[in-house]
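Chemist: Heads up: the sequence shown at position 62 corresponds to 64 in the working numbering, and the numbers run straight through without jumps.
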Amino acid sequence: MNYLAVGIGGMAGSIIRYLISLYSINLWSGSFPYGTFTANMCGCFILGLLTGLNEKKEMIPKTIMLGLGTGMIGSLTTFSAFSVETVQLYESSSIYIAGLYVLLSAVFGLLLAWSGFYIGQKGSEKVVVNK
């Protein structure tokens with residue numbers, strides 16, 4: 003069952019990533035890789051949120067968490083594309099944009115992951131389970 007959950011989540015995440023890339027091409031121009039940046043930042047927040055929700059008590063069953071975290075977020079976000087895009091920016095003499103991409107990705111990725119985690123933890127504390 004876990005493999006199926008990861009597979010379905012992975013399929014959903016890769017489709018979402020593809021759609022983000024398509025729409026980012028139409029919205030923004032220039033050499034900055036907005037599609038990958040947007041997908042990675044969304045993934046940081048969502049994974050932080052899901053992890054925060056499950057930190058103290060299991061709000062989301064393990065199989066669903068695997069499907070969402072490992073499957074969907076794992077295929078939505080991509081370190082390999084981030085790395086290759088950074089190298090391509092550097093090689094095309096866009097050194098400042100490459101540096102900005104790395105800096106923004108690290109700073110905002112960590113802030114969004116922390117924010118999501120914090121919100122998730124606070125949300126899980128407010129849930130009352132009736133037995």
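In this text, a Cβ means the ideal position worked out from N, Cα and C, and glycines have one as well. In this text, all values refer to a predicted model and were calculated from it rather than measured experimentally.
Any idea if A108 is buried or exposed, counting beta-carbon neighbours within 10 angstroms, 16 or more meaning buried?
Modeler: For the purposes of this step, residue 108 is taken as residue 106 along the sequence shown, with counting starting at 1. Flag for A108 reads exposed.
Chemist: Measure the CB-CB distance between L70 and L52 and report whether it falls below 8 angstroms.
Modeler: Here the question's residue 70 lines up with position 68 in the sequence shown. Here the question's residue 52 lines up with position 50 in the sequence shown. In contact: L70 and L52 (Cβ atoms closer than 8 angstroms).
Chemist: CA-CA distance, M3 and F119?
Modeler: Within the sequence shown, residue 3 is the residue found at index 1, counting from 1. Within the sequence shown, residue 119 is the residue found at index 117, counting from 1. Taking the straight line from one Cα to the other gives about 26 angstroms.
Chemist: State whether the region 13-24 contacts the region 32-44, with contact taken as three or more CB pairs (one from each stretch) at a distance under 8 angstroms.
Modeler: Yes: the two stretches touch, three or more of their Cβ pairs being nearer than 8 angstroms.
Chemist: Cα-Cα, which of L6, L49, K58 is closest to G76?
Modeler: Here residue 76 corresponds to residue number 74 of the sequence shown, with the count starting at 1. Considering only alpha carbons, the answer is L49.
Chemist: Grab me the residues of M74's own chain with a C-beta within less than 6 angstroms of its C-beta, minus the 5 sequence neighbours each way, in chain order.
Modeler: Here residue 74 refers to the residue found at position 72 when the sequence shown is read from its first residue. Closer than 6 angstroms at Cβ, skipping near neighbours: G11, A14, G15.
Chemist: What three-state label does DSSP hand K128 in the structure shown?
Modeler: What you label residue 128 is simply residue 126 of the sequence shown in a count that begins at 1. If DSSP states are grouped into helix, strand and coil, K128 belongs with the helices.
Chemist: Which of the three DSSP states is assigned to M61 in this structure?
Modeler: Here residue 61 refers to the residue found at position 59 when the sequence shown is read from its first residue. DSSP places M61 in the coil class of the three-state scheme, outside both helix and strand.
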